[in-house]
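Remarks on the structure that follows.
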Ligand SMILES: NC(=O)C1=CN([C@@H]2O[C@H](COP(=O)(O)OP(=O)(O)OC[C@H]3O[C@@H](n4cnc5c(N)ncnc54)[C@H](OP(=O)(O)O)[C@@H]3O)[C@@H](O)[C@H]2O)[C@@H](O)CC1
Ligand SMILES: [K+]
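Residue numbers (full-length UniProt numbering): 1 to 510.
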């Protein structure tokens, strides 16, 4: 699937440019209607009675086209229009005029015997909460117990945010055009969409590029060319030495999981920097991961002054007292790439400005932060940035902090200070388990350690984390995630055409 995601405004701009370049809007609408009719025909046997529910805009226009085509193909079709027919304008009015069947009012809904419904009420033009007759119609659609194919978006889902605008259709399939929109990936939109199909309606790739999208679906197509793959001639220091900073005695498990994940994710060497009182606890159970006694912030500074330590990860069970704060300061003052998670973020509760100040003191250095919603809310306590749609918040936080932000969840959003962002869609529900975030922090540290740029590193880490969750399957505990990474990495190498004997990537055309 194509990786660019277009905002509603970008899609309208691509549409406008395509029309200006000579393709009539009605042609685009016809192609959209064909794609919807094809999707319905693929799903429902011929002669299944269908009901198309049209709204007052161009989404409804697409519905009129689909109804006409399905009727021509032999489906007994009925069509309901919300609002007076005279309100239809432009291409939608023209498409309504070409529809030969009866246009019925919403009141007849309950009397219609349908085997499927095409939802063409609202798409990209939904701009306020749905109330009254429209809300009532959506409730009836959902209550009908009949599969729904949605045109562009399930009506009620905001295309930019994935949020439900009061009420929303629940579809089994959504047919969208040109590229997916953020609302197809962001929750709860993604669930309401069912399967998403992208139809080509003749908007060229050049037009999409010209519109300048900066949002992507997270996957190897986005960052694969920056993913570090070791070759036969590389020694382990090429992959860097990562440091994970342990919490105090009795709270060391989290960092060991992060450390193991970092090693599995390809860091050349991994060291757990351990307070003295926790040394036995850490050393007793670590083997390939090394342990170093690090007595406080000054000792951490000394350790990572060595440039072979490329990346530092800290936060999981670090603590939130002054000693922990000093450790975070030492990491941020070091010039090494840094991943901040959990307690390292809680330490800056309501003080995002202080964190930004520390990060921006070294603008070229890479910082990734991995808050879940609770940590994000604490970080921006009392700040308007705390409110609003997830994608917006992640982007504004990244710009404010000068760091790449991974705002975690079932639809983790990764945002960079330069405005680029990605939405992750491969996380299985069972990935939300104790310690899962610690593992992600470890993988992210490993990606930075291997020299990936911060945005790509964060995207790759989040994707690998999701894949490992899928690979481990239901019932997983966080310890399973690092163990699933080898299989996930092998599959990724295959996808990236990496020769497993040499680590070389197959040249194009080979
Ligand atoms: N872009 C493309 O390339 C192509 C786009 N195409 C299609 O066009 C669709 C976008 O069409 P669109 O812009 O006309 O918007 P649409 O979703 O029909 O809704 C607008 C209407 O709904 C109304 N309305 C809004 N909110 C409301 C509410 N809460 N409650 C009640 N009413 C509400 C609003 O009314 P008003 O605000 O004027 O009162 C207006 O009448 C897009 O999703 C795709 O399917 C294809 O044809 C192919 C090419
Ligand atoms: K719709």
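Each residue gets a CB set at the ideal place from its N, CA and C atoms; glycine is no exception.
Everything numeric in this text was worked out from a predicted model, so none of it was measured.
The way I'd put it, the segment 306–318 doesn't touch the segment 276–291; fewer than three beta-carbon pairs between them come closer than 8 Å. Looking from the CA of residue 41, the closest CA among 148, 409 and 408 belongs to 148.
Along the segment 117–199, the beta strand (DSSP E) occurs as fully enclosed runs of 3 or more residues at 148–151, 173–177 and 195–199, listed in sequence order.
Sorted by chain position, residues whose beta-carbon lies closer than 7 Å to a non-hydrogen atom of ligand 2 are 59, 119, 120, 121, 122, 123, 150, 151, 152, 153, 154, 155 and 169. Shown here for residue 10: same chain residues with a beta carbon closer than 7 Å to its own, the five before and five after excluded, namely 211 and 213 in chain order. Looking at the DSSP output, residue 293 shares a beta bridge with 274. According to the DSSP assignment, residue 427 belongs to no beta strand (DSSP E), since it is labelled neither H nor E. Straight-line spacing of the CA atoms in residue 206 and residue 178 works out to 12 Å. Out of 7, 451 and 301, the CA that lies nearest to the CA of residue 225 is found in 451. Beyond the five residues adjoining it in sequence on each side, residue 439 comes within less than 7 Å, by CB distance, of 257, 258, 261, 465, 478, 481 and 482 in the same chain, given in chain order. Between residue 116 and residue 228, the beta carbon gap of about 48 Å keeps them out of contact (Cβ cut-off 8 Å). Around the Cβ of residue 192, a 10 Å sphere holds 16 or more other Cβ atoms; the residue is buried.
Shortest gap from the CB of residue 323 to any heavy atom of ligand 1: 8 Å or more.
Scanning 97, 102, 216 and 98 for the CA closest to the CA of residue 79 turns up 102.
In the DSSP assignment, the residues bridged to residue 309 are 241. Looking at the DSSP output, residue 54 sits in a beta bridge with 81 and 120. Around the beta carbon of residue 390, 16 or more other beta carbons sit within 10 angstroms, so the residue counts as buried. Sequence-distant partners of residue 448 (beyond 5 residues in either direction) whose C-beta falls short of 6 Å from its own C-beta, in its chain, are 311, 337, 366 and 457.
In the three-state reduction of the DSSP assignment, residue 467 falls in the helix class, which pools H, G and I.
At least one heavy atom of ligand 1 lies closer than 8 Å to the C-beta of residue 56. DSSP places residue 456 within a helical segment (H, G or I) once states are collapsed to three. Distance from the CA atom of residue 89 to the CA atom of residue 197, rounded to whole angstroms, is 27 Å.
With respect to residue 469, residue 430 sits close: the two C-beta atoms are nearer than 9 Å.
Within 8 Å of the C-beta of residue 18 there is at least one heavy atom belonging to ligand 1.
By a beta-carbon distance limit of 8 Å, residue 318 does not contact residue 280. Their separation comes to about 19 Å. In this structure the segment 133–140 does not lie against the segment 158–165, because fewer than three pairs of beta carbons, one per stretch, are closer than 8 Å. By the criterion of a C-beta distance shorter than 8 Å, residue 352 is surrounded in its chain by 379, 380, 383, 385, 397, 400 and 401, once the five residues flanking it on both sides are discounted. For residue 369, the enclosing beta strand (DSSP E) begins and ends at 367–369. For residue 235, the number of other beta carbons within 10 angstroms of its own is below 16, and it is reported as exposed.
Residue side-chain check: residue 31 places its Cβ nearer than 8 Å to a non-hydrogen atom of ligand 1. The Cβ atoms of residue 61 and residue 29 lie closer than 9 Å to each other. Just so you know, the alpha carbons of residue 52 and residue 13 end up roughly 27 Å apart. Residue 65 is positioned such that its CB atom lies no closer than 9 Å to that of residue 100. In the displayed model, residue 104 falls within a strand according to three-state DSSP. In this chain, residue 75 is not harboured by any alpha helix (DSSP H), its DSSP state being neither H nor E.
Residue 216 has 4 and 422 as its beta-bridge partners, per DSSP.
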